[in-house]
Amino acid sequence: MKLNIIHTNDIHSHFENFARVTSLIKDYSDDQTLILDGGDFADFKSIELQGTKGLAAVKMLESAGYEALTIGNNELFNGTETLEYMAVNSSVPFISCNLLKSNGDLFEGVKSSIILHKNGLRILLTGASPDLQEFNELMGFQINDYKESIQKEIMKHQNQYDICIVLNHIGTEVDIELAEAIDEIDLILSAHDHVLYEEAKVVNGTILNSAGMYGEHVGIVEMEYTDGSLELLASSTIPTSKAMENEEIKDILASSKEEAIAHLSKPLYSVATPLWHDVIEENPLTNLIADGLKERFQCEIGIINSGIVNGGLVEFVSNKKLIEICPSPLNPTYFEIQGKHLMNALESSLDSSVCMMDGRGPGFRGKYAGRLHVSGIEVFHNGTSIISLTVNGEMFEPERWYKVASSDYLLRGSGYPDLAHNRNFSYQPDEIKDVIREYAKQDLYVKTAFKNRWFLKKLVGSNNLI
Numbered sequence: 001m002k003l004n005i006i007h008t009n010d011i012h013s014h015f016e017n018f019a020r021v022t023s024l025i026k027d028y029s030d031d032q033t034l035i036l037d038g039g040d041f042a043d044f045k046s047i048e049l050q051g052t053k054g055l056a057a058v059k060m061l062e063s064a065g066y067e068a069l070t071i072g073n074n075e076l077f078n079g080t081e082t083l084e085y086m087a088v089n090s091s092v093p094f095i096s097c098n099l100l101k102s103n104g105d106l107f108e109g110v111k112s113s114i115i116l117h118k119n120g121l122r123i124l125l126t127g128a129s130p131d132l133q134e135f136n137e138l139m140g141f142q143i144n145d146y147k148e149s150i151q152k153e154i155m156k157h158q159n160q161y162d163i164c165i166v167l168n169h170i171g172t173e174v175d176i177e178l179a180e181a182i183d184e185i186d187l188i189l190s191a192h193d194h195v196l197y198e199e200a201k202v203v204n205g206t207i208l209n210s211a212g213m214y215g216e217h218v219g220i221v222e223m224e225y226t227d228g229s230l231e232l233l234a235s236s237t238i239p240t241s242k243a244m245e246n247e248e249i250k251d252i253l254a255s256s257k258e259e260a261i262a263h264l265s266k267p268l269y270s271v272a273t274p275l276w277h278d279v280i281e282e283n284p285l286t287n288l289i290a291d292g293l294k295e296r297f298q299c300e301i302g303i304i305n306s307g308i309v310n311g312g313l314v315e316f317v318s319n320k321k322l323i324e325i326c327p328s329p330l331n332p333t334y335f336e337i338q339g340k341h342l343m344n345a346l347e348s349s350l351d352s353s354v355c356m357m358d359g360r361g362p363g364f365r366g367k368y369a370g371r372l373h374v375s376g377i378e379v380f381h382n383g384t385s386i387i388s389l390t391v392n393g394e395m396f397e398p399e400r401w402y403k404v405a406s407s408d409y410l411l412r413g414s415g416y417p418d419l420a421h422n423r424n425f426s427y428q429p430d431e432i433k434d435v436i437r438e439y440a441k442q443d444l445y446v447k448t449a450f451k452n453r454w455f456l457k458k459l460v461g462s463n464n465l466i
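As numbered in UniProt numbering, the sequence shown has no gaps in its residue numbers, which increase by one up to the final residue, 466.
Shown next, in the form of structure tokens:
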């Protein structure tokens, strides 16, 4: 008996590409085909998703004919209520065998596994979500061991299926280990690390494939089930760049965007003084974020990179504007760091090539890393090197451990590796865009944001400064 799989993963709301994906699905699928997604389909940087609580993604999955989706980390980033809302309202099963609420309850609408029937075959389909470690409890869920959870689902359905497919959002290297560890798995469709396989692999009799990212490719696996075993016949990952955009997906996007804009565009409050932004130059909007972070954590220093924001705020603030200028789902973060590492990071920020480098990193949705902006610090420099620093008016101490408010992006050393030398970190559950929302309406913080913290001191002669 023949069984074909068409699969995607890590679309990350690249919906124009997904319109092309859907055209290829329609071209290549038949009554012997399962259509599956490995998670991170719904990235809430998208206006269409933010304004519909994710239902735009559900409508597109349904329209394209998907039969299951594994829950990736991005399906979780907009909160557990949004995840449940999507899962409950979807005819496409949302699957995760290792995801629970923080109190141990099941998520409404989420399935630990399902059995699908295709071409006379009983197909057990399960999969796992990634462990986000300290973010799990912060965001209201817990992640159990993926290997134990998958094994549990297999044992639970023993003698009830012919083929076992694991739709996994853990990563390709881990999935190779999973194939070696659990003999009962016939096919693993990998996700999370954005790896593109040119063709499927076979490890310990288990077939593995991964379709890259952003809807740039569609994975196809052709198999045959005979006498209790599954044989790989052919596989490929097809580029989507030359495919036509599916009209129904385009219509869903257009109507969802219209609905979202109407919902998100309502002004929250006016902005009397425009908060401009720049990637390299010190600017009031990024200063405002640094000040707000410092205030939130009641600590000595606030520090944030300008690349976290894509533009300024003029006239009024709305949820739509906040999503557009600050799309990254990054969390306000506290950590402690020694002065010497902090100074190294600040000094590297004087180099425009560092500011303009690709800022990519977990959760980052901007383009450039951007210049570091600070609160509680005054930086005196000559354009390339730091001459001196003060912290809240006191002398800077290189060996002292300072209490810092920042983002989880900088905590990891993304963009500025010196900041990774930290300890005792903690997070707040909302996002950096919420810091802007909170403090841009406060006149005192807006006024303070225009006060410079970086001061250029030119050398005259050998030792004198001006």
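No residue lacks a Cβ here, since even glycine has one placed at the ideal position from N, Cα and C. Here the structure is a predicted model, which means the values were calculated and not measured.
- [ ] State yes or no: is the C-beta of residue 172 within less than 8 angstroms of the C-beta of residue 211?
- [x] Using a Cβ distance threshold of 8 angstroms, residue 172 and residue 211 do not count as a contacting pair.
Open item on the list: At the level of alpha carbons, what is the spacing between residue 216 and residue 11?
Closed with: When rounded, the separation of the alpha-carbon atoms in residue 216 and residue 11 is 8 angstroms.
- [ ] Under 6 angstroms Cβ to Cβ from residue 100, same chain only, skipping five residues before and after it: list those, please.
- [x] Only 142 meet the Cβ criterion.
Task: N- and C-terminal bounds of the alpha helix (DSSP H) containing residue 447 - done: Taken as a continuous stretch (DSSP letters only), the alpha helix (DSSP H) holding residue 447 covers 443-449.
Open item on the list: My parser needs the alpha helix (DSSP H) runs of 4 or more residues fully inside the region 28-81; what are they?
Closed with: The region 28-81 contains these whole alpha helix (DSSP H) runs: 47-50, 55-64 and 73-76.
Task: Span separating the alpha-carbon of residue 154 from that of residue 164 - done: Computed Cα separation, rounded: 8 angstroms.
- [ ] For my contact list, residue 446 and residue 356 are in at a C-beta cut-off of 8 angstroms; report their separation, rounded to the angstrom.
- [x] At roughly 27 angstroms, the Cβ-Cβ gap does not stay under 8 angstroms, so residue 446 and residue 356 are not in contact.
Task: residue 381 (DSSP reduced to helix, strand or coil) - done: Here residue 381 carries a strand assignment [DSSP, helix/strand/coil].
Open item on the list: Using the Cβ count rule (16 or more neighbours within 10 Å means buried), how would you classify residue 462?
Closed with: A caution first: residue 462 carries a pLDDT of 49, below 50, which makes its placement in the model too unreliable to give a value.
TODO: Report back the beta-carbon spacing between residue 293 and residue 406 to the nearest angstrom; my notes put them in contact at under 8 angstroms.
DONE: 6 angstroms between Cβ atoms; contact.
Open item on the list: With H, G and I counted as helix, E and B as strand and the rest as coil, what does DSSP make of residue 423?
Closed with: Under the three-state reduction of DSSP output, residue 423 falls in the strand class.
Open item on the list: Mapping the DSSP letters down to three states, classify residue 462 as helix, strand or coil.
Closed with: With a pLDDT of 49 at residue 462, under the threshold of 50, the modelled position of that residue is not reliable, and the figure given next carries that caveat. Looking at residue 462 - three-state DSSP - the assignment turns out to be coil, as it is neither helix nor strand.
- [ ] List the DSSP bridge partners of residue 358.
- [x] Answer by DSSP bridge pairing, in chain order: 368.
- [ ] Can you check DSSP and say which residues form a bridge with residue 302?
- [x] Per DSSP, 375 and 405.
Task: Stretch pair the region 29-47 + the region 297-305: three plus CB contacts closer than 8 angstroms - done: With a cut-off of 8 angstroms, the region 297-305 and the region 29-47 do not count as touching, because too few Cβ pairs lie within range.
Task: Residues near residue 221 by beta carbon distance below 6 angstroms, same chain, minus five either side - done: If we look at residue 221 and ignore the five residues flanking it on each side, its Cβ neighbours are 5, 200, 209 and 235.
Task: residue 223 (DSSP reduced to helix, strand or coil) - done: Strand, per DSSP.
- [ ] List the DSSP bridge partners of residue 194.
- [x] Partner(s): none; residue 194 has no beta bridge.
Open item on the list: Let me confirm a value: residue 488 is counted as buried when at least 16 other C-beta atoms fall within 10 Å, else exposed. Which label applies?
Closed with: What the structure shows of the chain is the stretch from 1 to 466, and residue 488 is not part of that stretch, so it cannot be assessed.
Task: For residue 4, the first and last residue of its enclosing beta strand (DSSP E) - done: Bounds of the beta strand (DSSP E) holding residue 4 are 2-8.
Open item on the list: Within a Cβ cutoff of 6 angstroms, which residues of the same chain sit near residue 371, ignoring the five residues on either side of it in sequence?
Closed with: Apart from sequence neighbours up to five positions away, the residues of its chain that approach residue 371 with a beta-carbon distance below 6 angstroms are 280, 306, 349 and 355, ordered along the chain.
Open item on the list: I need the straight-line Cα distance from residue 275 to residue 269, nearest angstrom please.
Closed with: Each residue's alpha carbon lies about 14 angstroms from the other.
TODO: Taking residue 209 as part of the beta strand (DSSP E), name the residues at either end of that continuous run.
DONE: Where residue 209 is concerned, the enclosing beta strand (DSSP E) stretches over 206-210.
Task: Rounded separation between residue 339 and residue 17 - CA only - done: Near 45 angstroms, if we compare the C-alpha coordinates of residue 17 and residue 339.
Task: N- and C-terminal bounds of the beta strand (DSSP E) containing residue 526 - done: The chain is shown from 1 up to 466; residue 526 falls before or after that span and cannot be answered.
Task: Given residue 382 as reference, the closest of 437, 401 and 454 once Cα atoms are compared - done: Checking every option, the nearest Cα to that of residue 382 belongs to 454.
TODO: Take residue 145 as the anchor and find which of 132, 139, 138 and 157 has the nearest alpha-carbon.
DONE: Closest option to residue 145, Cα to Cα, is 132.
TODO: Mind checking which residues open and close the alpha helix (DSSP H) that includes residue 151?
DONE: Residue range 146-156 is occupied by the alpha helix (DSSP H) that includes residue 151.
Task: Beta-ladder partner(s) of residue 270, from DSSP - done: Partner(s): 316.
Open item on the list: Please state whether the Cβ-Cβ distance between residue 166 and residue 126 is less than 8 angstroms.
Closed with: Less than 8 angstroms divides the Cβ of residue 166 from the Cβ of residue 126.
TODO: Starting from residue 89, follow the beta strand (DSSP E) in both directions and report where the run begins and ends.
DONE: Residue 89 -> no beta strand (DSSP E), and no H or E assigned at all.
Open item on the list: In whole angstroms, give me the CA-to-CA distance for residue 59 and residue 90.
Closed with: Straight-line spacing of the CA atoms in residue 59 and residue 90 works out to 8 angstroms.
Task: Cβ-based neighbour list, residue 414, same chain, cut-off 6 angstroms, excluding 5 preceding and 5 following - done: Counting only Cβ-Cβ distances below 6 angstroms, and skipping sequence neighbours, we find 361.
Open item on the list: Taking 8 angstroms as the threshold (C-beta atoms), are residue 308 and residue 330 in contact?
Closed with: In this structure, residue 308 lies closer than 8 angstroms to residue 330 by Cβ.
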